[in-house]
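Novice:
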Amino acid sequence: MTPDLAARFARIALGHVERAYPHKADHVMGGDADAYLPQVVHPIFYGSFDWHSCVHGYWLLARIRRLFPDLAEVAAIDALFARAFTPEKVEAERAYLDRASARGFERPYGWSWALMLAGELIVADSPHALTVQPLADAFVARFQDFLPKLHYPVRAGFHSNTAFALVLAERYARVANDGAFRTLLRDRAWLWFSNDRSAQAWEPSGEDFLSPTLTEALAMQALLPAEQFAPWFSAFLPDLAAGRPAALFTPAQVSDRSDGKIAHLDGLNLSRAWAMRSLARSVSDSVASVLNAAAAQHLATAIDEVAGDYMGEHWLASFAMLALTGTDGTRRQ
């Protein structure tokens with residue numbers, strides 16, 4: 001992760017977090033009174049095509065602000081945060097969750113990205129961390145209510161993926177020193193995934209931006225102690241040193257980047273690189289070398305595709321940042 005690349009990512013995000021249209025709403029209308037205008041209903045997160053992409057666009061800028069405080073773009077980031085993160089606007093975003101029809105709003109993908117943003121502000125000792133905290137508290141409460149009801153994890157390769165939400169939520173729980181929340185995340189992960197063995201990795205599907213297989217492993221790595229994770233991972237993917245399952249090691253091909261769902265596959269290449277580089281830290285040298293080589297191949301395939309068509313541009317740089325700096329965010333993962 002270099003200053004030049006960080007500056008490029010910052011300019012991309014600054015160009016879309018306040019771009020209201022095109023806009024894809026996650027909004028239920030019960031009558032004429034529920035008519036939807038993005039900037040009225042969501043005074044902070046109205047840009048970037050959809051709510052969750054706007055949230056992780058702000059997260060991307062917060063991470064750049066923390067890791068590269070001397071960039072010329074930091075002044076624009078600070079000005080944006082000052083006008084966005086006001087108590088009144090945060091309360092409007094939080095109050096939206098009180099709507100009876102908003103029970104499933106952005107569950108769980110947007111919830112977890114909101115917590116990643118709050119966690120990044122905490123780690124950066126940002127003056128906006130306390131302002132955003134009521135929104136983070138609301139999403140923690142939603143996780144606490146929802147996860148015990150979720151008997152079966154969602155293993156899809158896109159927004160509804162349960163393991164991905166656990167990874168991001170775990171990072172927040174750790175930096176916010178919320179031990180009870182982290183325990184809930186760990187216990188649910190163990191309940192859902194502990195008996196998984198010899199993953200076949202039937203992926204990707206045509207709309208994946210997450211690897212169901214690797215994201216599950218990433219969640220278990222984040223939530224289990226090393227001595228518990230190691231035997232689980234060896235049983236879950238026993239043939240990694242031999243490059244199997246082969247499907248995991250072949251970067252996805254993107255046929256049409258103007259198609260928002262097909263463009264997801266650029267994100268798959270980036271999120272696989274993130275997962276592989278993270279997992280490589282917890283395995284033997286022989287497995288680590290295979291994972292790191294595959295991660296480099298996936299990253300090289302996708303890193304130049306983060307800008308171009310807006311269907312990818314409004315979100316891909318966030319996943320590139322994960323691939324390059326990891327979940328916790330260091331200049332070298």
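First residue of the sequence shown: 1, per the numbering used here; consecutive thereafter.
C-beta: ideal position from N, C-alpha, C; glycine also.
1. Within this structure, are the beta carbons of A247 and W202 separated by less than 9 Å?
2. Using a Cβ-Cβ cutoff of less than 8 Å, which residues in the same chain neighbour F146 once the five nearest sequence positions on both sides are dropped?
3. Within 10 Å of its beta-carbon, does E227 have 16 or more other beta-carbons around it, so buried, or fewer, so exposed?
4. Hey, L115 and L168 are a contact pair by Cβ (cut 8 Å); roughly how many whole angstroms apart?
5. How would you write the range of the alpha helix (DSSP H) that T213 sits in, first residue to last?
6. Is S289 buried or exposed, if buried means 16 or more other CB atoms sit within 10 Å of its CB?
7. Please state the DSSP three-state secondary structure of D187.
8. Going by the CB atoms, is the gap between F319 and S271 shorter than 9 Å?
9. Going by DSSP, what residue range makes up the alpha helix (DSSP H) through M311?
10. According to DSSP, simplified to helix, strand and coil, what is V283?
11. Could you check what DSSP says for Q200 in three-state terms: helix, strand or coil?
12. Which of the three DSSP states, helix, strand or coil, is assigned to Y46?
Specialist: Answer, in terms of the structure:
1. Indexing the sequence shown from 1 puts residue 247 at position 247. Indexing the sequence shown from 1 puts residue 202 at position 202. In contact: A247 and W202 (Cβ atoms closer than 9 Å).
2. Locating residue 146 in the sequence shown gives position 146, where the first residue counts as 1. Here the set comprises R107 and P108.
3. Working through the sequence shown from its first residue, we reach residue 227 at position 227. E227 comes out exposed.
4. Start at 1 with the first residue of the sequence shown, and residue 115 comes out as number 115. Start at 1 with the first residue of the sequence shown, and residue 168 comes out as number 168. Going by Cβ atoms, the distance from L115 to L168 rounds to 6 Å, so yes, they are a contact pair.
5. On the sequence shown, position 213 is the one that residue 213 refers to. From DSSP, the alpha helix (DSSP H) with T213 extends over P212 to L223.
6. Your numbering for residue 289 matches position 289 in the sequence shown. Looking at its Cβ environment, which holds fewer than 16 other Cβ atoms inside 10 Å, S289 is exposed.
7. Against the sequence shown, residue 187 aligns to sequence position 187. Three-state DSSP puts D187 in a helix.
8. Position 271 of the sequence shown holds residue 271. Position 319 of the sequence shown holds residue 319. Against a cut-off of 9 Å, the Cβ pair of F319 and S271 comes out as a contact.
9. Looking up residue 311 in the sequence shown gives position 311. Its alpha helix (DSSP H) spans residues Y310 to E313.
10. Along the sequence shown, one-based indexing puts residue 283 at 283. Reduced to three states, the DSSP call for V283 is coil.
11. Position 200 of the sequence shown, counted from the start, is the residue given in the question as residue 200. Three-state result, Q200: coil.
12. Residue 46 sits at position 46 when you count from the first residue of the sequence shown. The three-state reading of DSSP puts Y46 in coil, since its state is none of H, G, I, E or B.
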